[in-house]
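Same order as they appear, the protein sequences are chains U and A.
Residues 1 to 133, numbered by the UniProt record's numbering, are exactly what the first sequence covers, in order.
Residues 1 to 133, numbered by the UniProt record's numbering, are exactly what the second sequence covers, in order.
Where a beta carbon is used, it is the ideal one built from N, C-alpha and C, also for glycine.
Step one of this worksheet: look at the structure below.
Protein chains: 2
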Amino acid sequence: METLRTRTKPPETFAECTRAAVPMIQVLGRISGKWSLYIIMALLRGPMRFSELQRHVEGISQKMLTQTLRELEEDGIVHRTVTPIIPPRVDYELSAMGRELQAPLAAISDWTVRNGERVADARERYAARRNAA
Amino acid sequence: METLRTRTKPPETFAECTRAAVPMIQVLGRISGKWSLYIIMALLRGPMRFSELQRHVEGISQKMLTQTLRELEEDGIVHRTVTPIIPPRVDYELSAMGRELQAPLAAISDWTVRNGERVADARERYAARRNAA
DNA sequence: CAGAATCCTAGCTGATACTG
DNA sequence: CAGTATCAGCTAGGATTCTG
């Protein structure tokens, strides 16, 4: 399948673009939910219980933590282990696939670090132009 | 500033995680809008006029094309050139910063290609488990 | 402890109509 | 051609309450 694989030339046809973009957008949609990245980054440090995650991911509601974890679990990025004791204990950890996300995320992170200032400048200039008009 | 730069060890403290994640999430939020990636990928092939973009990005409404282009322009990822003739001509092209997104996006794309099947399997198993319950 | 269920609102999005 | 303006539907997300 033709994709956006590392190479010098971008996709040529629209069909190529679409086939390359659709799964990427699905994944980005998942990992760019408001909280997914925070959870993944917390779990990169190691397995964690539900309540630990809630403490580590500042500001997340119980609903969104549950919901986001379910989505990540559904995609096989996060593993969920229930220990049926009272009170219940549930541990979350990244799957191998989830840990492999670190490199791609680092690539995006690097881009944001390299370009953060340029983005900020661009926004200022954009705002200035808007005000001039 | 401490970030998620390419390295073997993930961020250690929550503060590190947050500082690394916040700008990344902003960027992902931008580029993972429903249409941004399609537009960026179309423009990776070269500059394009508004109407060309609309033809290349199948299904996008005129409103969302305008809106998404404005956001990408605001961030300095896309450059907009107006030629004041009648009828008006407006060309869009990726900035240097925008073109640099290709490598990070390729990294994510590679992940999706490598793991697409595993994600699909995980979803099936998840659905099967849900039905069993 | 780890959630499920409910209610509610802001904002994204599409469809449509109009303009320099 | 390349937009702007307006309206309406949907849903992501937060706050709150309840439970095994």
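For a contact meaning CB atoms closer than 7 Å, what does residue i contact in chain A?
{"i": "U/I85", "result": "Neighbours of U/I85 on chain A: none; closest Cβ ~20 Å, over 7 Å."}
Going by beta carbon distance, what residues of the same chain come within less than 6 Å of residue i, once the five residues before and after it are set aside?
{"i": "A/V90", "result": "F50, V82"}
{"i": "A/E124", "result": "none"}
So is residue i in contact with chain U if we call contact Cβ pairs under 8 Å?
{"i": "A/I60", "result": "no"}
{"i": "A/L37", "result": "yes"}
{"i": "A/R118", "result": "yes"}
{"i": "A/N131", "result": "no"}
{"i": "A/S109", "result": "yes"}
{"i": "A/E73", "result": "yes"}
Within the 8 Å Cβ cut-off, does residue i reach chain A?
{"i": "U/A128", "result": "no"}
{"i": "residue 155 of chain U", "result": "The question about residue 155 of chain U has no answer, for chain U in this structure spans 1 to 133."}
Residue i to residue j, Cα distance in whole Å?
{"i": "U/W111", "j": "U/P88", "result": "41 Å"}
{"i": "U/L28", "j": "A/L28", "result": "7 Å"}
{"i": "U/I25", "j": "A/E117", "result": "16 Å"}
{"i": "U/V78", "j": "A/A122", "result": "10 Å"}
{"i": "U/N131", "j": "U/R114", "result": "28 Å"}
{"i": "A/E93", "j": "A/I86", "result": "21 Å"}
{"i": "U/D75", "j": "A/P23", "result": "24 Å"}
{"i": "U/I108", "j": "A/S109", "result": "12 Å"}
{"i": "A/R30", "j": "U/R45", "result": "27 Å"}
{"i": "U/A96", "j": "U/E52", "result": "21 Å"}
Can you list, in chain order, the residues of its chain with a C-beta nearer than 8 Å to that of residue i? Leave out the 5 residues immediately preceding and following it.
{"i": "U/V57", "result": "W35, Y38, I39, A42, L65"}
Rounded to whole angstroms, how far is the Cβ of residue i from the Cβ of residue j, which I believe are closer than 8 Å?
{"i": "U/Y126", "j": "A/E73", "result": "7 Å"}
Applying a beta-carbon distance threshold of less than 8 Å, which residues of chain A neighbour residue i?
{"i": "U/P104", "result": "P104, A107, I108, D110, W111"}
Residues of chain U with CB closer than 9 Å to the CB of residue i, please, in chain order.
{"i": "A/E100", "result": "W111, R114, N115"}
Apart from the five residues on each side of it in sequence, which residues of its chain come closer than 7 Å, Cβ to Cβ, to residue i?
{"i": "U/T68", "result": "G33, W35, S36, I39"}
{"i": "A/R129", "result": "none"}
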